[in-house]
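Engineer:
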Amino acid sequence: MFHSVESAYRLCNVRFEMLDGIKLKVVAKNNEIDMFAGADALQRYENGRKINSIKADQSAILNLYRFCEQQGIDIISRVALQKPLRIGEIEALSSWCGFKIDGEPVVAKFYLSRMRGAKRFLIYLWSFYQGKKSHTIEDLQMGNALLKQMKEGFDLYSKKPFAGERKDAVGLTPNLQRKFFSIINPSEDNSQNPWKTNKIRWRNYILLLLMMASGNRKGEMLLLRLNHLQLTGKRKYYDILKSAEVKDYPRAESPAIKTLGVQVELHDDIAALVEYYVTHVRKEFKGWQKSSFVFVSYRDGLPLSVQTPNAILNELVKKHPAFKGLLSPHRLRNTFHDLLNEALDNKHRHMPALSRALLKAPVQESAGGWASGSIMPARYAKGSIQRNVRELQLLIQGHMTEFCPFTGFS
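Going by the working numbering, the sequence shown opens with residue 1, and the numbers climb by one from there.
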């Protein structure tokens, strides 16, 4: 995410006579010292923090303010109302923190300093306003729960920037979706398909289909195991399980699960396709019994490498240049979230924009497996949100079946 040079915020030198004339770098807006940034600088100095460290603190606050300025977020008002940054906003902030004003990426240490500084300052603001807003134990508990959720969002993106402004930051258009499904159709007579053998076509088809139908990240799909699938019965679904560490992945690099865990509902037609792949096609791979991972390599039957989903899509792009710069695992994930957003807008189309946004946020966060960053999940039953997610997952997948040819697997 590239920064706009124009901003009302900047760092300025301020002499504090009450502190023996010490000079500190402090955030100012329109050449007036920001009250909260100034108070934070003084408090940090009185607690023994060094001047250069305070400058780093203020730089992080400046970065946060400029991000909110560009995004149209009144962060002080938001915190005063005890409304934390949502996961999507933290994701965008992560991308913002990863670049300099000139668009060059920052080093990891600088990125971490920005994110930690923003998190610390938001906690400082939250504590200030919580004392003014919390009049009951319930208010205090609600505020603490919301703050905890925001902290979890920051922890999720603390390691490296989220590349939200890459070319894959939006989903495929409806026309490209139809073309994509036409290409990956595993039928033997499909000359558009870039993969040669039947088993590779089917493996890639199911992998890409699930990524687009669920919004899961590539790492989450690579870690999917056979016992995570429920493909028969009234409800059909699979589980993405949150694990702190993957210890038994037999590749040089292990995939990561960034979500908090999620259960993905499956449309009957899609569940039938997955079942066919698992019970018939997967067994055609050499060494398929070596592991319980759903997606395995044709070379050794072990799970795919982290780079394989990208390589699969690169092969497709090579044969179909119209997708150049428009296709990646993250693009498929964003396609799902675009479809989810459209479905939610349609479902709540008769409501005012603000009410619609408040209703959409918990469903979008639950579907993405994110820590909740909105106030709504704390007010509404978790089961109700999950029912909404299941309903919309099936709705989206049902629409996909209209232009996705489910043939050639009987």
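Backbone N, C-alpha and C fix where the C-beta goes; we use that ideal spot for every residue, glycine too.
Note that the structure is predicted; figures quoted are calculated from it, not measured.
DSSP state of Val-317, grouped into three classes?
Structural biologist: By 1-based counting over the sequence shown, the position of residue 317 is 317. Helix at Val-317.
Engineer: For the beta strand (DSSP E) that contains Glu-253, what are its first and last residues?
Structural biologist: Position 253 of the sequence shown holds residue 253. Note, Glu-253: premise wrong, no beta strand (DSSP E); not H, not E.
Engineer: Indicate whether Lys-119 and Phe-154 have their beta-carbon atoms separated by less than 8 Å.
Structural biologist: The count along the sequence shown starts at 1 and reaches residue 119 at position 119. The count along the sequence shown starts at 1 and reaches residue 154 at position 154. Yes, these two residues count as a Cβ contact at 8 Å.
Engineer: Using 10 angstroms around the beta-carbon of Val-107, count the other beta-carbons present and answer buried if the total reaches 16, otherwise exposed.
Structural biologist: Working through the sequence shown from its first residue, we reach residue 107 at position 107. That one is exposed.
Engineer: List the DSSP bridge partners of Gln-263.
Structural biologist: As a first step, residue 263 is located in the sequence shown; it is residue number 263 there, counting from the start. DSSP output for Gln-263 lists Asp-239 as bridge partner(s).
Engineer: Mind checking who Ala-28 pairs with in its DSSP beta bridge?
Structural biologist: Here residue 28 refers to the residue found at position 28 of the sequence shown. Answer is Arg-10 and Ile-33.
Engineer: Which residues in the same chain have their Cβ closer than 6 Å to the Cβ of Leu-19, if we skip the five residues on either side of it in sequence?
Structural biologist: Start at 1 with the first residue of the sequence shown, and residue 19 comes out as number 19. No residues qualify anywhere along the chain.
Engineer: Here's the rule I'm using: 16 or more other beta-carbon atoms within 10 Å means buried, otherwise exposed. How should Cys-12 be labelled?
Structural biologist: Taking the first residue of the sequence shown as 1, we reach residue 12 at position 12. By the neighbour-count rule (16 or more Cβ atoms within 10 Å), Cys-12 is not buried but exposed.
Engineer: Nearest-angstrom Cα distance between Tyr-249 and Arg-15?
Structural biologist: By 1-based counting over the sequence shown, the position of residue 249 is 249. By 1-based counting over the sequence shown, the position of residue 15 is 15. Spanning the two alpha carbons is a distance of roughly 57 Å.
Engineer: Should Lys-296 and Val-278 be called a contact, given that it needs their Cβ atoms to be closer than 8 Å?
Structural biologist: Here residue 296 refers to the residue found at position 296 of the sequence shown. Here residue 278 refers to the residue found at position 278 of the sequence shown. Position check: residue 296 holds Val in this sequence, whereas Lys was assumed. The answer is no: Cβ separation not under 8 Å.
Engineer: Does DSSP put Ile-450 in a helix, in a strand, or in coil?
Structural biologist: Because the chain spans 1 through 410 in this model, residue 450 falls outside it and cannot be assessed.
Engineer: Give every residue of the same chain whose Cβ lies closer than 7 Å to the Cβ of Gln-58, excluding the five residues on either side of it in the sequence, and list them in chain order.
Structural biologist: Walking along the sequence shown from the start, residue 58 turns up at place 58. Leu-11, Lys-25, Val-26, Val-27, Ala-37 and Ala-41.
Engineer: Report the three-state DSSP secondary structure of Pro-194 (helix, strand or coil).
Structural biologist: Translated into positions along the sequence shown, residue 194 becomes position 194. In the structure shown, Pro-194 sits in coil (DSSP, three-state: anything other than H, G, I, E or B).
Engineer: Rounded to the nearest angstrom, what separates Asp-338 and Glu-315 at their Cα positions?
Structural biologist: As a working mapping, residue 338 is identified with position 338 in the sequence shown. As a working mapping, residue 315 is identified with position 315 in the sequence shown. If I take the Cα positions, the gap works out to 25 Å.
Engineer: Using the C-alpha atoms, what's the distance from Asn-198 back to Ala-272?
Structural biologist: Looking up residue 272 in the sequence shown gives position 272. Looking up residue 198 in the sequence shown gives position 198. Straight-line Cα distance between these residues: approximately 17 Å.
Engineer: Give me, in chain order, the residues of the same chain whose beta-carbon lies closer than 6 Å to that of Leu-147; leave out the 5 immediate sequence neighbours on both sides.
Structural biologist: Numbered from its first residue, the sequence shown carries residue 147 at position 147. Same-chain partners within the cutoff: Trp-126.
Engineer: Rounded to whole angstroms, how far is the Cβ of Arg-217 from the Cβ of Arg-86, which I believe are closer than 8 Å?
Structural biologist: As a first step, residue 217 must be located in the sequence shown, where it is residue number 217. As a first step, residue 86 must be located in the sequence shown, where it is residue number 86. So it is not a contact: roughly 19 Å between Cβ atoms.
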